[in-house]
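To keep things clear, I will list the structure first and then write my remarks on it.
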Amino acid sequence: MPKVKTTYICQNCGAESPKWMGRCPSCNQWNTYVEEIIKKPQGQLHGSSNGFLKGSVAVRLDEAESLDTFRILTPDDELNRVLGGGIVPGSVVLVAGDPGIGKSTLMLQLAAGLQQATVIYISGEESPAQLGLRANRMGLRTSNCYVLAETCTQLIFDQLKALNPGLLIVDSIQTLYTQKIESSPGSVSQIRECAAELQRYAKESGVPVFLIGHITKEGMIAGPKVLEHIVDTVLQFEGDRNYNYRILRTSKNRFGSTSEIGIYDMQTSGLRQVSNPSELLLSEREELLSGITIAATMEGMRPMLIETQALVAPAVYGTPQRSSTGFDIRRLHMLLAVLEKRLGFHFGARDVFFNIAGGLKVEDPAIDLAVVCALLSSAEDTPVPYNVCFAGEVGLSGEIRAVRGIEQRIFEADKLGFEKIFIPAGNRKALSGMNTRIKVAQVSKVQQVAQRLFA
763 MPKVKTTYIC QNCGAESPKW MGRCPSCNQW NTYVEEIIKK PQGQLHGSSN
813 GFLKGSVAVR LDEAESLDTF RILTPDDELN RVLGGGIVPG SVVLVAGDPG
863 IGKSTLMLQL AAGLQQATVI YISGEESPAQ LGLRANRMGL RTSNCYVLAE
913 TCTQLIFDQL KALNPGLLIV DSIQTLYTQK IESSPGSVSQ IRECAAELQR
963 YAKESGVPVF LIGHITKEGM IAGPKVLEHI VDTVLQFEGD RNYNYRILRT
1013 SKNRFGSTSE IGIYDMQTSG LRQVSNPSEL LLSEREELLS GITIAATMEG
1063 MRPMLIETQA LVAPAVYGTP QRSSTGFDIR RLHMLLAVLE KRLGFHFGAR
1113 DVFFNIAGGL KVEDPAIDLA VVCALLSSAE DTPVPYNVCF AGEVGLSGEI
1163 RAVRGIEQRI FEADKLGFEK IFIPAGNRKA LSGMNTRIKV AQVSKVQQVA
1213 QRLFA
């Protein structure tokens, strides 16, 4: 076989080298050289090794068949939601996440639950016996799923032609290699070429392909950045190992919205879908406690009610401590400055600890009002009624700014039995025509909320 000519290119400054170097002599950056292909074997069509190469015919855009006319629905409603309504035939989906977060478990449940099509599970990390043990532990039984422990793409395509599957799952893309390149599996060139071969197979055969991807210690998907450009959908599987909740988030989707999320509960028998996350994220309190408020937040297009917890105490060690879990510490500092300037509460000699219950990380600015009320409740040692929730962004002048999706937030609070919700006065137009039992309090300043709750 003709040898593929490669070179090493610095990903920081673009300098080239015939061999790998630890430090780039041009920009002095370490570990930035990656292998790149500069010449392919002559006489071989690009992509012809998989045996699925077909001629393409140009068609008019108005005559092109719509992809939304047919989608493969899976038994996993959360996955269907994140994908935009189901699996699009011929699409390539990349699922990335931390080690041990549950990527293989999610894909194995998908493979066993899809009964209307033959599924091939390519495993480059586990043997069929190991996958069988996991399936037995999870109680999965199916006769439509085949397991193939192979890492060479040419041999994988031979099996695909023989079985003609309806869905292909690869665990993981970093373990595959193609014979067209002599570099080791997991290198930049191997990941790019293997992903390109699987993409051509998916587009030419119409078989959807799911790729499991590793991430680096910086949280980025391992391999070249072009891997995220090649695939149609990128799903990030997130969660904290100390908690059972897992969030499937879309960072790219050519066939749907990137605002949807799926929520799962990790159990010994696998991942359980969470259709109503608000009930799980709200703790049942037997008595009123200070420093606890309920925030109506939005994760993508999905409304959720979460519990915010604050503790304000005198500083014992001289220098006040500031700690925040699940909430941006810089935004907490800003809210503390607003309370000192606009309301006269002095936090300079007090320790402030803040936490989002359930291990969630929230970036929605609409929880500012709940954070402020939790801080005031703890500082005054006055509990906030358990049937009250909040939604509003707090500005530097103490004004409460309008937020998006206020209708969904109000409906979610009403559905869970809350009796009152504080919202920005700027969202009053969205209240016209709403028929809910919950009482809506419109406020424009932080001072108004403080007077109503802590008068």
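For this note's numbering, count along the sequence shown from 1 and bump the result up by 762.
Each residue gets a CB set at the ideal place from its N, CA and C atoms; glycine is no exception.
Length of the line joining the Cα atoms of Gly1157 and Gly1032: 43 Å
Cβ-Cβ distance between Ala1136 and Thr1070 below 9 Å: yes
Spatial neighbours of His991 in its chain, beta-carbon cut-off 8 Å, leaving aside the 5 residues before and after: none
Nearest-angstrom Cβ-Cβ length linking Asn906 and Val881, presumed shorter than 8 Å: 6 Å
Beta-carbon separation (whole angstroms), Leu1105 vs Gln1209, contact threshold 8 Å: Right, their Cβ atoms sit about 6 Å apart.
Reference Val996, options Arg1003, Asp1002, Val971, Gln1213, closest by Cα: Val971
Other residues of its chain near Leu1097: CB distance less than 8 Å, five sequence neighbours each side excluded: Asp1130, Val1133, Val1134, Leu1137, Val1156
Three-state secondary structure (DSSP) of Cys907: strand
Spatially closest choice to Ser945 from Asp839, Gly1121, Ala957, Thr768, by CA coordinates: Thr768
As assigned by DSSP and simplified to three states, the class of Asp1113: strand
Spatial neighbours of Tyr1005 in its chain, beta-carbon cut-off 7 Å, leaving aside the 5 residues before and after: Same-chain partners within the cutoff: Gly1120, Gly1121.
Alpha-carbon spacing of Asp1143 relative to Ala879, whole angstroms: In this structure, the alpha-carbon of Asp1143 lies about 59 Å from that of Ala879.
Helix, strand or coil at Lys1191 according to DSSP, with G and I counted as helix: helix
Sequence-distant residues of the same chain with beta carbon closer than 8 Å to Ala1203, five excluded per side: Lys1182, Ile1183, Phe1184, Ile1185, Arg1214
Beta-carbon separation (whole angstroms), Leu872 vs Thr904, contact threshold 8 Å: About 11 Å; that fails the 8 Å criterion.
Opposing strand residues paired with Ala1058 [DSSP bridges]: Leu1067
Reduced DSSP category for Phe999 - H, G, I as helix; E, B as strand; rest coil: strand
Every unbroken alpha helix (DSSP H) within the region 910-950, with a cutoff of 4 residues, ordered by chain: 915-925
With 16 other Cβ atoms within 10 Å as the buried cut-off, status of Phe1116: buried
Coil, strand or helix - Cys772 by DSSP: strand
Residues near Val1078 in its chain [Cβ-Cβ closer than 6 Å; skip 5 each side]: none
Beta carbon of Tyr883 nearer than 9 Å to that of Thr913: no
In DSSP terms, what Arg1166 is bridged to: DSSP lists no partner for Arg1166.
Reduced DSSP secondary structure (H/G/I, E/B, other) of Gln1035: strand
Ranges of the beta strand (DSSP E) found wholly within the region 964-1015, counting only runs of at least 3: 971-975, 995-1001, 1007-1015
Cut-off 8 Å between Cβ atoms - residues of its own chain near Ala1111, not counting five sequence neighbours on either side: Pro1076, Ala1077, Pro1082
Beta-bridge partners of Pro1186, as assigned by DSSP: Val1205
Beta-carbon gap between Gln941 and Thr915 smaller than 9 Å: Yes, the Cβ-Cβ distance between Gln941 and Thr915 is below 9 Å.
Alpha-carbon spacing of Pro890 relative to Gln998, whole angstroms: Taking the straight line from one Cα to the other gives about 26 Å.
CB-CB length for Met1063 against Leu1043, believed under 8 Å: 17 Å between Cβ atoms; not a contact.
Neighbour-count burial assignment, Ile1068, 16 or more Cβ in a 10 Å radius: Within a 10 Å sphere around the beta-carbon of Ile1068 sit 16 or more other beta-carbons, which makes this residue buried.
Arg899 versus Val821 - alpha carbon distance: 49 Å
Contact between the region 1020-1039 and the region 1144-1153 (3+ Cβ pairs under 8 Å): no
C-alpha gap between Gly809 and Asn1015, whole angstroms: Any reading at Gly809 must be qualified, since the residue scores a pLDDT of 45, below 50, and its modelled position is unreliable; the value itself is stated next. When rounded, the distance between both Cα atoms is 25 Å.
Where the alpha helix (DSSP H) through Asp1130 begins and ends: 1130-1142
Residues sharing a beta bridge with Val1156, DSSP: Ile1162
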